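Chains as they are written, first to last, in UniProt numbering: chain A, 1 to 387; chain B, 1 to 387; chain C, 1 to 387; chain D, 1 to 387.
These notes concern the structure reproduced below.
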């Protein structure tokens, strides 16, 4: 163990994502022992010191900060992990990059395309390693989908569709903003489901199926006013509760995306399907260890959607876990991203998606929101193929 | 049996729909013995006499015609059933109405809204009974969905989504037009998936969820040129291979519709889902005896999507069939429509959807195609609530 | 149509099975027009004349009898179809055979092995065509299972399991015996779930997987006494409410069977699964148009259970019905059996299972009941391979 | 953190179960921070020192032993965790108990009932805390099943069925015994699927449904001889490749159990179903975050099996993990068992199942094997209700 290099992490933000990332750092050494880098939980930062302290105790962070600028200034921090609400991503990331730190940023990159562009510029200028936590790419079944597509088995692609359906805000009395609810506040989050959920769908889609050229979208805010937790006043709701768009991919396929927090009965139903001339694939986050695959080259009377339980050791990442049939969970996608980030430090390659690649997703999100407000088609301007 | 009144049917068209309707007429007396009207298969009409004769033999039609005008002129025909390609619906229906015949017309009503409007005017002026074969309404699980929605269990509706996915035209060598392939020829069919498949989705949607106000659509023709069977030449393809649109319903919910014949792995996957504040429903034609239902008023730790096997005698139409657990098939939806048409003759009420109601679906289809070609939102002009 | 030969049917019994068979006779000419024989509904027989008359009206039987002996004695009857309760099968079938009639008998063949043996002897001696309505063999997905097994794709078979789960008698106040409830009366039915439901499972199993050599069973009667509808008295219940057995097949595989009418939530859940060294198959009556198939020769990372929607025209019987994706129902299995019976008259071959083959299922049923009562393994004595 | 009490663990065995348990110890402090005890990974023991050292490095054990007797003799070990092959469980557990250590033993308790009884006697005599790793009880969906059953919602129970199907030994060239294959060697494992897989099914069954009174079983060894890895010779295979049994529960319900390693297409398909008069439950390890529930008290036309995604914070253990819709995996069942063991140290209660309770499962396993070899029913002698 003594030969391991340390990667000293400074985590900013102790919420839900702070937990998933911390778990990723702690588990990697147990399950990816061949990696040369070991994450060290050097410091965690939150404005509320008691909260930061409790988090540090629970997760084993060696120290606590309450001002992120101090954390960034520390010499004993190699990488800054940003798990704060969206409105602070840009400022922190840019400062971290300028301080020469590696930057791992929770998605979406930022509230707006403009903020995101500045972040990309900063990490590129500083030449620091960087990655964005689009974790779903690293669920083994999703990674298998990528491998199948890369194998060419699908042939020409005709359709890509994805949705991300939730139901947790169907309650007019749910406040907006404040503790645990910043995703409801447009000034903090930037947008509603578009940045929160569709960003995931778009990242996966462009990774699997290439660039999105143009979009036509509609958004809806079902509850127009909500009490704001911080002001105590009933205020206009600025976020999109639901967003639907169709689009053209660069490869000529049609895309269809939907997200909402008003689909009663669905907790986190992220699904995607891709239809090619020769084969199709679909996946569902509620049953994340499976991939469905239809291969038209199967004998005609025996063709059917295959339900692949992606748990055998030869499947992506699964040699690190248990035995065939025994599934893993949501959290493992973050563990895999930590492992891949560490691996990228060994090889010197990028850990995808980089800020630059994640910027393309921001372009689509921005075009989607503009299309919805202008009721017209919008070009996305995507110019980096992140496939 | 001597007290039964006869409904003498003249069927025009011996294709796939000629078979489903004929089966409907023949089955009804066995399974709906309490009805006062009995269908009598008086005549079948097709241009090809041998084909008409063979069809008459197989299905028990008493006579054969090769000219539909002669069929309509016959005194011994009470009702004309139109199962011909879309380009002849209007002319036949109008002539039949003018001759005082009841008219049952296969969907879509016609190729265009203008043709459809003339048909509505004709049956209204003639005052003849009329109906359009949007058969999926009468699959018991779909009828149950209607009953649940009418009960108010769903509360405010937020989302409606439907798709109809097929894969049978993924073959650039498939010709367009001619025997068995008129659905590929825009001059005959009027449109591609929009009139063929989305029309079903739209009919069900407006029946379940009310009027669609405006739409934003995109269509795609993946194979641009195909050999035309009748001309022997490679010609430009005029139909839409795929169509996607989103829309607003009158009740404030967002709609999302997709249809394609290029979704490898799906034969006839018609699905719909409706999300309300309190409950949700979904259905799938590939598993047509089931309805899925999520009720948020269930005890919180025991909530889940219920898979209702809609086969008990207390379910819609199912007292006529077998015993719980034993499913019925696609064809039964037509049998049910025949039964309901006969019932409507007893009661004097309409057999839904009437031409007038089906016209509203035509309005949406037309708006969808216009939206796609103009790349802009279109109002549908729907003004009859067919819910 | 004039070249068709008539097969004049005399149906005995107007209950549930009288309906399924009558529907079979009436549908065949519409869907199997190439057959040379046409069923003619010559007479129906029931003790209650009004009931028989109403049934004849509904289904189009030309005449009515109230004494089955008279029906059998008629010169204008070619085939006798027995749809009465089990206690009358033997007497009727033997008399019909002696009168030179073809005999179609609803399953199970009879109450006991002894009765069944006499029936076999009678039809064999008379040399009349005969068949037993083990209808599930002719659901297309089940027939496809047979074809796959015959292709050898499964390799050595290790396991066969089947169950038939219902819940309709979970009610201590449900009477036994009488109208609609003779299946609850051991003196009429012979047994409970063993003859009613397991007989189906056993027939399919030996057809697919060969002879069952020996069995070890347990039965249970959960409600020990019930009011008898005919006597008005509370009487001991003689039937088995549930029966479970394991067994050895001749081919060395292990079998496992279960049936009950006390499995809350299951209406008619007949499922089977067969596991071979190279592939496996499973099927479920609640989703009867599908067959699931696992092929170990698929590429290892892409292996999964395939859900085959058995609705394409190249699937067994499906060229007679609709188009891909559009399912058929329970009743079609009977239509197919009628068609196959008519076909067998053309070719002179048997319509499986014949009485002789169905006798083997009786042997297993008898061994199962004996094993349960003696609490020991029993040899079945099966000696005809009906595979 | 300083107020935490330490529980110093000595782990014996570095195989698959050594990993699952180690992961359990390491994860608990992060996810169950309120517990007063913290596991400390004090020592790991394996005969192969290099292997033990590598394992210690990977998992963070402070020291290494190669002789389990030395490990037990150490003063700085509070609890001994036995993850060795079955043939060593008894000797180690008894020695550990005699040394006053707490004992956590991987299932099954031992190879035979006799060995198991000695182990129970030892821990009872020593008065040390003890538990057996029947981990599936602590999958949240399974724990929810327990809660539903305890609520009385099911009413009188009629049926319990379970199976555990695998396919990993379908290969006549797979050797028996030796590294990674001791489960194939009867002298080490005690039995085949009975002790390995059915033991899990029996533990869950008696926990959910009470004592099993008597059993009737059959076993099969499909491949009779295999090369033994240690001797290099082809030897007779002593284990059961498959085992099926039916049984009576104390509460009058019928049980049905099956396990095999020859069910092609199933990797680790552990499923159970329980049918009560009023409701039923089923569960499947391949989809472990879901519980299916049928409630007959639902409105009759809306009854159906509910698919409960057991991921909300109010579900068992799930307040410790993520947010609704985001599933956990197999490994979490061990984390939960560690947490419950630590909790039991705080409260002084047992951590179920204790050795004494696990002994009842051994009784059933032994009766099953005896029944299979004698081809007769066997009483189990179960006398402790572990429900």
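A virtual CB, placed ideally from N, CA and C, is assigned to each residue, including glycine.
It should be emphasised that the depicted structure is a prediction, and the values quoted were computed from it without experimental measurement.
- Less than 8 Å divides the Cβ of residue 384/D from the Cβ of residue 357/D.
- The residues 137, 207, 208, in chain order, have a CB closer than 8 Å to that of residue 146/D in the same chain once the five nearest residues on each side in sequence are set aside.
- Its Cα nearest to that of residue 280/A, the residue 156/A stands out among 52/A, 117/A, 156/A.
- Counting C-beta pairs with one atom in each stretch, the stretch 269–286 of chain C and the stretch 162–182 of chain C have three or more that are closer than 8 Å, which means they touch.
- Contact annotation: residue 218/C and residue 237/C have beta-carbon atoms that are not nearer than 8 Å.
- The three-state reading of DSSP puts residue 192/C in coil, since its state is none of H, G, I, E or B.
- Pairing residue 188/C with residue 355/C gives a Cβ-Cβ distance that is not under 8 Å.
- In terms of beta-carbon proximity, residue 337/B stays away from the interface with chain D, with every pair separated by 8 Å or more.
- Out of 18/C, 210/C, 104/C, the CA that lies nearest to the CA of residue 59/C is found in 18/C.
- In the structure shown, residue 136/A falls within a helical segment according to DSSP collapsed to helix, strand and coil.
- CA-CA distance, residue 68/A to residue 46/A, rounds to 8 Å.
- In the structure shown, residue 273/B falls within a strand segment according to DSSP collapsed to helix, strand and coil.
- In the DSSP assignment, residue 344/A falls within the unbroken alpha helix (DSSP H) covering 332–347.
- If you look at residue 255/C, you'll find it in the beta strand (DSSP E) that goes 254–260.
- For the stretch 281–302 of chain D, the set of residues with a beta-carbon nearer than 7 Å to any beta-carbon of chain B comprises 293, 300, 301, 302, in chain order.
- Per DSSP, reduced to three states, the secondary structure at residue 4/B is coil, with no helix or strand assignment.
- The C-beta separation of residue 43/B from residue 28/B comes to about 18 Å, leaving the pair out of contact by the 8 Å criterion.
- Closer than 8 Å to the CB of residue 135/A there is not a single CB belonging to chain B.
- Contact of residue 308/B with chain D by beta-carbon distance below 7 Å involves 302, 303, 304.
- Residue 184/C has its alpha-carbon roughly 13 Å from the corresponding atom of residue 234/C.
- Where residue 94/D is concerned, the enclosing alpha helix (DSSP H) starts and stops at 89–98.
- With a threshold of 8 Å between beta carbons, residue 331/D makes contact with chain A.
- Among the residues of the UniProt domain "GFO/IDH/MocA-like oxidoreductase" (144–282) of chain D, those with a Cβ less than 9 Å away from any Cβ of chain B are 144, 147, 148, 153, in the order of the chain.
- Using a Cβ-Cβ cut-off of 8 Å, residue 377/B is close to 375 of chain A, given in chain order.
- Sequence-distant partners of residue 377/C (beyond 5 residues in either direction) whose C-beta falls short of 8 Å from its own C-beta, in its chain, are 214, 215, 216, 371.
- Excluding five sequence positions before and after residue 168/C, the CB atoms of its chain that fall closer than 7 Å to its own CB belong to 261, given in chain order.
- For residue 119/A, the enclosing alpha helix (DSSP H) has its first and last residue at 113–126.
- When C-alpha distances from residue 334/B are compared across 277/B, 244/B, 62/B, 352/B, the shortest belongs to 352/B.
- In the structure shown, residue 303/C adopts coil according to DSSP, grouped into three states.
- Pairing residue 326/B with residue 311/B gives a Cβ-Cβ distance under 8 Å.
- Residue 117/D has a beta carbon lying at 8 Å or more from every beta carbon in chain B.
- Going by DSSP, residue 235/C is part of the beta strand (DSSP E) stretching over 234–236.
- Excluding its 5 nearest sequence neighbours in each direction, residue 118/D has C-beta neighbours in its own chain below 7 Å: 90, 94, listed in chain order.
- The beta-carbon separation of residue 134/C and residue 345/C, rounded to 19 Å, does not stay under the 8 Å limit for a contact.
- With 16 or more other Cβ atoms from the protein chains shown falling within 10 Å of its own Cβ, residue 130/B counts as buried.
- Shortest Cα-Cα distance from residue 315/A to any of 366/C, 323/C, 317/C, 302/C involves 302/C.
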